[in-house]
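Take a look at the structure set out below.
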Amino acid sequence: MPDLPTPQDAAEAALFSEYWDAVLSYADLCTSGSQTANQLATEAYALGMREARAAGTSPARGAGRRTPRLPMIPLLLTAVRTTAAGWEADGLGHKLDPDLRLWLNSDKAGRYTGPPLLRPVALRGLRDMQEADAALLWLAEVEALPLPAVARRLGLDPAVAAQELDQVRGLFRDRCHRAHLDTPMDAQCRSYARLLDAVTRSPAADTPGDLSRHLATCVQCAEAAACLRLHGGGLPAALAGGVIGWGGLAYLERRRRAAEVRLGAGHPEKPAALESGDPAEGTGRNRVVRNGLLAAAVLLSVLALGVSMMPFGGSSENDAAARDDRQPVADPNPSLPAADPLPSDSAPARPSATATASASHHKNPDPEPQGSSASESHGPKSATATASEAAPTCRVDYRLDSEWTDGFQATVTITTTRALTDWRVAWSFRDGQQVGQMWDATVSQNGSRVTATAADYNKAVAAHGTLAFGFVGSWSGKNRPPYAFTLNGDSCTTS
2 MPDLPTPQDA AEAALFSEYW DAVLSYADLC TSGSQTANQL ATEAYALGMR EARAAGTSPA
62 RGAGRRTPRL PMIPLLLTAV RTTAAGWEAD GLGHKLDPDL RLWLNSDKAG RYTGPPLLRP
122 VALRGLRDMQ EADAALLWLA EVEALPLPAV ARRLGLDPAV AAQELDQVRG LFRDRCHRAH
182 LDTPMDAQCR SYARLLDAVT RSPAADTPGD LSRHLATCVQ CAEAAACLRL HGGGLPAALA
242 GGVIGWGGLA YLERRRRAAE VRLGAGHPEK PAALESGDPA EGTGRNRVVR NGLLAAAVLL
302 SVLALGVSMM PFGGSSENDA AARDDRQPVA DPNPSLPAAD PLPSDSAPAR PSATATASAS
362 HHKNPDPEPQ GSSASESHGP KSATATASEA APTCRVDYRL DSEWTDGFQA TVTITTTRAL
422 TDWRVAWSFR DGQQVGQMWD ATVSQNGSRV TATAADYNKA VAAHGTLAFG FVGSWSGKNR
482 PPYAFTLNGD SCTTS
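Numbering-wise, the sequence shown is residues 2 to 496 according to our numbering.
In structure tokens:
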């Protein structure tokens, strides 16, 4: 398996993680396991980067001309499709999704690599645009990135980015209209071409019955209609399906859900365009349901933990700790054996008045319950203290997305019960892991302690909303999950 290519410059290095995240997301749809997905993504990434660099250094075909090329992310995604086709041809198809194998051996797949004039209109239209314009369209419509973030990446003025996007949509429509007219078609399709252009220009225009029946039976004209109709919200699906091919709608759903998590908007509704039933759609739904059930189980566990903190409840607490020895409870519970010393920002944010007066006990928690005096240590805790410990303000889901010989990629998702205007997440590593690059947050690391600070565009989080960020790190020997997560100094429970 080839190694990932080394970034050529600082700009390419800055976008490496985001490119890899997109490639791995699509490779995961195409395969049956995380290890196989990582192998497919690595080979495809190396192939796509070679193609991009070759296109960037090839001579122009004339004055003012450029070599047509897709933007980086869709170019890398098509490299995943090409690599998967190579696996199927080389007898490695058993590693791929069964539905993808059927697609690869059908006429549908041949359209993406066959004669250029027979390829999908969206693929030809996007490829025929200036690369910067095509990148703006893809990042905003398919990757669902916030427009200010897209503007910063492409060097646009955020104040006029929306106008730029509207113009780019119009350019894409023009390119697709020209591509549709250039497509070899029969007399019936040719007779509907002018009418199709007119009907799709206005949201108020009604589609004549005969044209509607034609679109229901002609794949090429239906694809063209989806690209020409800029209103109605169907453009992202037309782009994803026309450029990526198999799994395009499932990939679109994944990227939109990831964007919603980054913005802390909760669980987005399923786009209407996805109702057609993409191969991996059920998988995405099952994961959402599973995550919801996991969150409910965590909440019940927290409530049970609060009850178990009553006197003579040590055995229950020890049982709770033994259930997951990989991720100790973030709150330094004095009735449990103390783990590694935690930085000051991992202490509870709202200590009781008595605990404040006894600040010397915070440095080395003793077996006495915090928030009570020595004379009260053998009596029941107050209802206020129990409720405070049983209802943490945040919950953490740490997910290891992929792992290789000396590196890994992970995503951290925080659910907060409080509305936030800014946030800072901190945690400790067990095995000396080092964070190399982080997206959707700014990272700093001191020894084993890592702190992630909100970016300018995702500081605000609604009550009961979520925030998320990802990073690439290095490890050696072991790569156990981190512990002692805090959000703005408040300790969080771990899913």
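Ideal Cβ placement from N, Cα and C applies to all residues, glycine included.
*Can you name the residues that DSSP bridges to D398?*
For the purposes of this step, residue 398 is taken as residue 397 along the sequence shown, with counting starting at 1. Per DSSP, T414.
*Under the three-state reduction of DSSP, which class applies to G471: helix, strand or coil?*
In the sequence shown, residue 471 corresponds to position 470, counting from 1. Strand.
_When A162, A55, A145, L119 are compared against D134, the one with the closest alpha-carbon_ = As a position in the sequence shown, residue 134 is number 133, starting the count at 1. Nearest option by C-alpha distance: A162.
*From the DSSP output, read off the bridge partner residues of Q168.*
Locating residue 168 in the sequence shown gives position 167, counting from the first residue. DSSP output for Q168 lists no bridge partner at all.
*Count the other CB atoms within 10 Å of the CB of D91; is the residue buried (16 or more) or exposed (fewer)?*
Counted from its first residue, the sequence shown places residue 91 at position 90. Burial is judged here by how many other beta carbons sit within 10 angstroms of a residue's own beta carbon; D91 has fewer than 16 and is exposed.
*asked:* Measuring straight from C-alpha to C-alpha, what distance separates Y20 and V81?
replied: For this step, residue 20 is matched to residue 19 along the sequence shown. For this step, residue 81 is matched to residue 80 along the sequence shown. Those two C-alpha atoms are separated by around 12 Å.
*asked:* Looking at the strands, I want to know which residues DSSP matches up with W556.
replied: Because residue 556 is not part of the residues shown, which for the chain are 2 to 496, the question remains open.
*Inter-residue spacing [alpha-carbon to alpha-carbon] between L160 and A141*: Working through the sequence shown from its first residue, we reach residue 160 at position 159. Working through the sequence shown from its first residue, we reach residue 141 at position 140. Going by the sequence as given, residue 160 is Ala instead of Leu. Their Cα atoms are separated by approximately 15 Å.
*Where does D158 land, buried or exposed, given buried means 16+ other C-beta within 10 angstroms?*
The count along the sequence shown starts at 1 and reaches residue 158 at position 157. Burial call: exposed.
_Is the separation between the beta-carbon of F409 and that of G474 shorter than 7 Å?_
Along the sequence shown, one-based indexing puts residue 409 at 408. Along the sequence shown, one-based indexing puts residue 474 at 473. Yes, the pair counts as a contact, with Cβ atoms nearer than the cut-off.
*With a 10 Å radius around its C-beta and 16 neighbouring C-beta atoms as the bar for buried, classify V220 as buried or exposed.*
As a working mapping, residue 220 is identified with position 219 in the sequence shown. Exposed: under 16 other Cβ atoms inside 10 Å.
*Apart from the five residues on each side of it in sequence, which residues of its chain come closer than 6 Å, Cβ to Cβ, to P149?*
In the sequence shown, residue 149 corresponds to position 148, counting from 1. So the qualifying residues of the chain are P159, Y458.
*Taking all protein chains shown into account, decide if T418 is buried (16 or more other Cβ within 10 angstroms of its Cβ) or exposed.*
Looking up residue 418 in the sequence shown gives position 417. A residue is called buried once 16 or more other Cβ atoms fall within 10 Å of its Cβ, and T418, having fewer, is exposed.
*Terminal residues of the beta strand (DSSP E) in which W405 lies*: On the sequence shown, residue 405 is found 404 positions in, with the first residue counted as 1. Unbroken run through W405: none, as it is neither H nor E.
*Would you identify the three-state DSSP class for S383, choosing helix, strand or coil?*
The residue you call residue 383 lines up with position 382 of the sequence shown. Interpretation of S383 is limited by its pLDDT of 45, a score under 50 that renders its predicted location unreliable; no figure is taken from the coordinates.
*Indicate whether T494 and R396 have their beta-carbon atoms separated by less than 7 Å.*
The residue labelled residue 494 in the question sits at position 493 within the sequence shown. The residue labelled residue 396 in the question sits at position 395 within the sequence shown. In this structure, R396 lies closer than 7 Å to T494 by Cβ.
*Are three or more beta carbon pairs between the region 174 to 185 and the region 117 to 132 nearer than 8 Å?*
yes
*Closest by CA to S403, which one among M186, P237, L146, A23?*
Within the sequence shown, residue 403 is the residue found at index 402, counting from 1. Residue A23 is the option with its Cα nearest to S403.
*asked:* Need the endpoints of the beta strand (DSSP E) that V426 sits in, please.
replied: Here the question's residue 426 lines up with position 425 in the sequence shown. Here the beta strand (DSSP E) through V426 covers 425 to 429.
*Three-state secondary structure (DSSP) of L421*: Translated into the one-based positions of the sequence shown, residue 421 becomes position 420. Strand.
*asked:* Going by the DSSP bridge assignment, what does N459 pair with across the sheet?
replied: As a working mapping, residue 459 is identified with position 458 in the sequence shown. For N459, which the question treats as bridged, DSSP gives no partner whatsoever.
*Looking at C-alpha atoms only, which residue of S33, A227, T394, S107 is the closest neighbour of G490?*
Sequence index remark: in the sequence shown, residue 490 carries index 489 (1-based). Minimum Cα distance to G490 is reached at T394.
_Is it buried or exposed, N1, if we count other Cβ atoms within 10 angstroms and call 16 or more buried?_
Since the displayed the chain opens at 2 and closes at 496, residue 1 lies outside it and no answer follows.
*Which whole runs of the beta strand (DSSP E) in the region 162 to 220 are 3 residues long or more, in chain order?*
Qualifying beta strand (DSSP E) stretches: none in this window.
_Supposed close pair A1, A442 - CB separation, criterion 8 Å_ = Because the chain in this structure spans residues 2 to 496, residue 1 falls outside the shown range and cannot be described.
*Contact check, A260 vs L146 under 8 Å by CB: the rounded distance?*
Taking the sequence shown and counting its residues from 1, the one referred to as residue 260 is at position 259. Taking the sequence shown and counting its residues from 1, the one referred to as residue 146 is at position 145. Rounded to whole angstroms, the Cβ separation of A260 and L146 is 7 Å, and the two are in contact under 8 Å.
*When L127, T7, A55 are compared against T43, the one with the closest alpha-carbon*: Within the sequence shown, the letter at position 42 stands for residue 43. When only C-alpha atoms are compared, the closest one is T7.
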